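To keep things clear, I will list the structure first and then write my remarks on it.
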Amino acid sequence: MDYNGVLVGLGNPGARYEGTRHNCGFALVDAFVDFGYRHGTVDEMNGGKFSCQLWRVRLPRLDGCWLAAKPQTFMNLSGQCVQPLLSWHKLKAADLVVAHDELDIPPGELRFKFGGGNAGHNGLKSITELLGTPDFYRLRMGIGRPPHKGDVTNWVLGRPQGEDAENLDHILPLALDVLFAFADKGLDSAVRLAGKTTRPHKPVRQTANAEASNNSPEASATPQNKDNT
Numbered sequence: 017m018d019y020n021g022v023l024v025g026l027g028n029p030g031a032r033y034e035g036t037r038h039n040c041g042f043a044l045v046d047a048f049v050d051f052g053y054r055h056g057t058v059d060e061m062n063g064g065k066f067s068c069q070l071w072r073v074r075l076p077r078l079d080g081c082w083l084a085a086k087p088q089t090f091m092n093l094s095g096q097c098v099q100p101l102l103s104w105h106k107l108k109a110a111d112l113v114v115a116h117d118e119l120d121i122p123p124g125e126l127r128f129k130f131g132g133g134n135a136g137h138n139g140l141k142s143i144t145e146l147l148g149t150p151d152f153y154r155l156r157m158g159i160g161r162p163p164h165k166g167d168v169t170n171w172v173l174g175r176p177q178g179e180d181a182e183n184l185d186h187i188l189p190l191a192l193d194v195l196f197a198f199a200d201k202g203l204d205s206a207v208r209l210a211g212k213t214t215r216p217h218k219p220v221r222q223t224a225n226a227e228a229s230n231n232s233p234e235a236s237a238t239p240q241n242k243d244n245t
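Numbering of the sequence shown is given in our numbering, commencing with residue 17 and proceeding in unit increments.
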């Protein structure tokens, strides 16, 4: 079967990581698949050979069929899912849209681009290394940086609260619109639409340390798997 594209949302598998900032990409894939069930056709596929959860999504506004995947490899090993997934389905890196969290973009904002660096994101780094190219599309979902120069690991593995959580909820329907704009009209349209999400922000009031103690998987005494961030 021919596919017009593949959406890969980055995150960490398991209940302990659900709802964390680092799992923005997973949340977008869930929203995309849910939209497909309501407005098109969705087939859940066997993604075991690619170490991912995998769906085939047909929507009129996509003018065809897309794959949607959530790697189950943990973040640092995302490329071990993406590379064989593309190869098996005879897709190129340029057919790939990766949705991921972005520290350098405020919560509630989006950016869309093709290629470029990894900005310290280990999931992107793994994908770039395994594909042998950075030339794929990125849907960048803002989570902002921790206040008062707090610990980044606790921040990305923490669950947002209050206004910060509202900003991240606000992102999902907008991110779907950006994805549909890309599928329908191409890169420039997606870049422009993502840019319109820029808006004034109040500083995040909660301290990173307070959040970590209450909401982060890091609060567990269990040592963290090195592949999670």
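The beta carbon of each residue, even a glycine, is placed where N, CA and C say it ideally should be. This one's a predicted model, so the numbers in the text were calculated from it and none came from an experiment.
Am I right that residue i and residue j are in contact with their C-beta atoms under 8 Å? What's the rounded C-beta distance?
| i | j | result |
| --- | --- | --- |
| H38 | D117 | 6 Å |
| L146 | G64 | With a Cβ gap of about 18 Å, L146 and G64 do not count as contacting. |
Closer than 7 Å by C-beta to residue i: which residues in its own chain qualify, once you throw out the five before and the five after it? Chain order, please.
| i | result |
| --- | --- |
| T214 | E125 |
| R221 | Reliability fails at R221, whose pLDDT of 48 lies under 50, so the model's placement of it is uncertain and no value is given. |
| L203 | F130 |
| K86 | G25, G27, F42, V45, C68, Q69 |
Of all the options the options, which has the alpha carbon lying nearest to the alpha carbon of residue i?
| i | options | result |
| --- | --- | --- |
| L78 | D200, A210, S205 | D200 |
| N244 | T36, M17, L23, V22 | T36 |
| S142 | N92, E182, R208 | N92 |
| M17 | D167, G27, G52, W104 | W104 |
| L102 | L184, T144, V172 | T144 |
Mind checking whether residue i and residue j have CB atoms under 8 Å apart?
| i | j | result |
| --- | --- | --- |
| L107 | Y33 | no |
| V194 | L155 | yes |
| G158 | I121 | yes |
| R74 | A210 | no |
| V22 | L83 | yes |
| A197 | A191 | no |
| G160 | L119 | yes |
Excluding sequence positions up to five away, which residues of its chain have a Cβ less than 6 Å from the Cβ of residue i?
| i | result |
| --- | --- |
| Q88 | P29, S67, C68 |
| A115 | G25, G41, L44, L155 |
| Y153 | V113, F130 |
Chain C beta carbons: is any one of them nearer than 8 Å to that of residue i?
| i | result |
| --- | --- |
| Q99 | Absent from the structure: chain C. Only one protein chain is present. |
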